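I have placed the structure first, in the form of structure tokens, so that the comments after it can refer back to it.
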Amino acid sequence: MRCLVLLVLLAVTTASFAADPIPLWPSGTPGGKGLEADMTKPSDGLVAGKPVIRLGNVDNPTITVFSPPAGKNTGVAVVVCPGGGYQILAYDLEGTEVCDWLNSIGVTGVLLKYRVPPIALRKVYSGPLQDAQRALRLVRSHAGEWKIDPNRIGILGFSAGGHLSAVTACQFDKRTYEPVDAADSLSCRPDFAVLIYPAYLTQKDRREIVSPELTVTSNTPPTFLVQTEDDPVHVENSLYYFLALKKAHVPAELHVFPKGGHGYGLRASTNSVTTWPKLAEQWMHSQGILRGVEGFEGTRVTR
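Position in the sequence shown counted from 1, then plus 2, gives you my numbering.
So this is what it looks like as structure tokens:
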């Protein structure tokens, strides 16, 4: 019943600007049980005075496309990866609300509902990385239909979703699954990455060393990072990943704020870190990603 109520609420709150969810895998994911539900407990805290949908037991991953008004569409798209420690997805705080903001600046938001929690004996990001790679390829394959420039498709993630976004930005040249259709002949490299209070970017016991799965090279896409000094998952995640990007001559911008903690999404508070959406928008303009708002009509997809 909780799952049904959740789906009804999501349909009501997103119907005005979101299409129906699109399954990532045409034949379904192996072992899918369909037990998805809001795992929020009465004891879970509020964020900016509002509750958070904590979606768990996700084993049938999807993307949901949130399109900006036609006259405001810049042609830019961003795959959004909510966080949740690879255990749940903060589906509204770091998902639907973020797509709403992206729409407000003329960007198509593509909400990725990736698999959580992880399957035993696999790396926690293995299934989610497959989902993220597949999502980027699907977006590129539909670029003309969705009025998206296939060369301006980014990825944005929070916390564990920030780690997933970074892994996707670093491992785009490694196919993690067998091709299932023509979309899989396209690139899964994001054209840019936005990492908000990312987790797991450095080794747990040696925070000055970047995690081994993050193989930064000169081909890693331009990256924007935000974190606070008092973040309990540690600001070193962003600091040392930024230095790795700098060493590889990857364009990167890092913002470190004194307070704000973790898990604030883009809900406004008295902490200045919640101004990060404006900074990210300005960065996208400075990188030539956001270039105009005059009814983008689409571009031919190249392989």
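Note that the Cβ used here is the ideal one computed from N, Cα and C, for glycine as well. None of these values were measured; they are calculated from a predicted model.
Cβ-Cβ separation, residue j to residue i (assumed contact under 8 Å), whole Å
i, j, result
"Thr64", "Ile24", "6 Å"
"Thr31", "Asn59", "Wrong, their Cβ atoms sit about 12 Å apart, outside the cutoff."
"Phe259", "Val275", "4 Å"
"Val118", "Gly86", "6 Å"
"Trp278", "Val228", "5 Å"
"Val54", "Thr42", "7 Å"
"Asp151", "Gly77", "4 Å"
"Val218", "Val252", "7 Å"
"Pro70", "Val109", "7 Å"
"Leu140", "Lys115", "The pair is not a contact, with the Cβ atoms about 13 Å apart (cut-off 8 Å)."
Cβ neighbours of residue i in the same chain (closer than 6 Å, five flanking residues each side left out)
i, result
"Leu9", "Because Leu9 sits at a pLDDT of 45, beneath the cut-off of 50, its placement in the model cannot be relied upon, and the following sentence gives the value as read from the coordinates. None."
"Leu113", "Thr66, Val82, Gly97 and Cys101"
"Ala21", "Val67"
"Leu131", "Val169 and Thr178"
"Trp285", "Phe226 and Glu255"
"Gln289", "Pro224"
"Cys190", "Gln135, Leu138, Arg139 and Phe174"
"Ala185", "Arg139, Leu140 and Ser143"
Buried or exposed (CB count within 10 angstroms, at least 16 for buried), residue i
i, result
"His144", "buried"
"Leu11", "Because Leu11 carries a pLDDT of 43, less than 50, the predicted location of this residue cannot be relied on, and the following value inherits that uncertainty. By the neighbour-count rule (16 or more Cβ atoms within 10 Å), Leu11 is not buried but exposed."
"Arg177", "exposed"
"Ile291", "buried"
"His287", "exposed"
"Thr98", "buried"
"Leu37", "exposed"
"Pro28", "exposed"
"Ala254", "buried"
"Gly129", "buried"
"Leu6", "With a pLDDT of only 39 at Leu6, under 50, the local geometry of the prediction cannot be trusted, and no value is derived from it."
"Ala17", "The pLDDT assigned to Ala17 is 35, lower than 50, so where the model puts this residue is not dependable, and the model offers no usable value."
"Asp233", "buried"
"Ala162", "buried"
"Met3", "Confidence is the limiting factor: at Met3 the pLDDT is only 42, short of 50, which leaves the residue's position unreliable and the question unanswerable from this model."
Contacting residues, own chain, Cβ-Cβ under 7 Å from residue i (five flanking each side not counted)
i, result
"Gly111", "Phe68, Val80, Val82, Val100, Cys101, Leu104 and Asn105"
"Val182", "Trp27 and Pro28"
"Phe244", "Leu227, Ala254 and Leu256"
Proximal residues to residue i (C-beta, below 8 Å), its chain only, five neighbours per side dropped
i, result
"Glu283", "Ile107 and Leu292"
"Pro192", "Val81, Leu138, Ile155, Gly156, Ile157, Ser167, Thr170, Ala171, Phe174 and Pro223"
"Leu26", "Pro63, Thr64, Ile65, Asp133, Arg136, Ala137 and Leu140"
"Ser271", "Ala50 and Gly262"
Member of the options whose CA lies at the smallest distance from the CA of residue i
i, options, result
"Asn221", "Asp133, Gly51 and Lys249", "Lys249"
"Ile198", "Asp151, Leu158 and Gly77", "Leu158"
"Cys1", "Ala201, Leu216, Ala134 and Leu140", "Because the chain is modelled from 3 through 305, residue 1 falls outside the range shown and cannot be assessed."
"Asp133", "Asn153, Ser167 and Lys149", "Ser167"
"Asp207", "Asn239, Pro84 and Asp151", "Asn239"
"Lys52", "Trp285, Ala195 and Arg269", "Arg269"
"Ala39", "Ala21, Lys74, Ser45 and Gln89", "Gln89"
"Lys261", "Glu231, Gly267, Tyr243 and Leu247", "Glu231"
"Leu95", "Pro214, Lys280, Pro44 and Tyr266", "Tyr266"
"Leu203", "Tyr116, Tyr242, Leu57 and Trp285", "Tyr242"
"Gly164", "Ala201, Phe244 and Phe226", "Ala201"
"Phe160", "Ala195, Arg142 and Glu147", "Ala195"
"Glu210", "Ala246, Ala185 and Trp148", "Ala246"
"Lys125", "Pro214, Phe226, Leu281 and Asp46", "Pro214"
"Tyr93", "Ala72, Leu57, Tyr127 and Gly73", "Leu57"
"Phe226", "Asp186, Leu188 and Leu281", "Leu281"
"Glu147", "Ala72, Pro44, Ser45 and Gln289", "Ala72"
"Ser187", "Arg142, Ser45 and Gln205", "Arg142"
Enumerated in chain order, which unbroken segments of the alpha helix (DSSP H) with a length of 4 residues or greater are wholly contained in the segment 24-93? none
Starting from the N-terminal side, write out each stretch of the beta strand (DSSP E) that is 3 residues or longer and does not extend beyond the segment 198-284. 225-230 and 254-259
Scan the segment 110-153 and note each continuous alpha helix (DSSP H) run of 4 residues or more that stays entirely inside, going in chain order. 128-143
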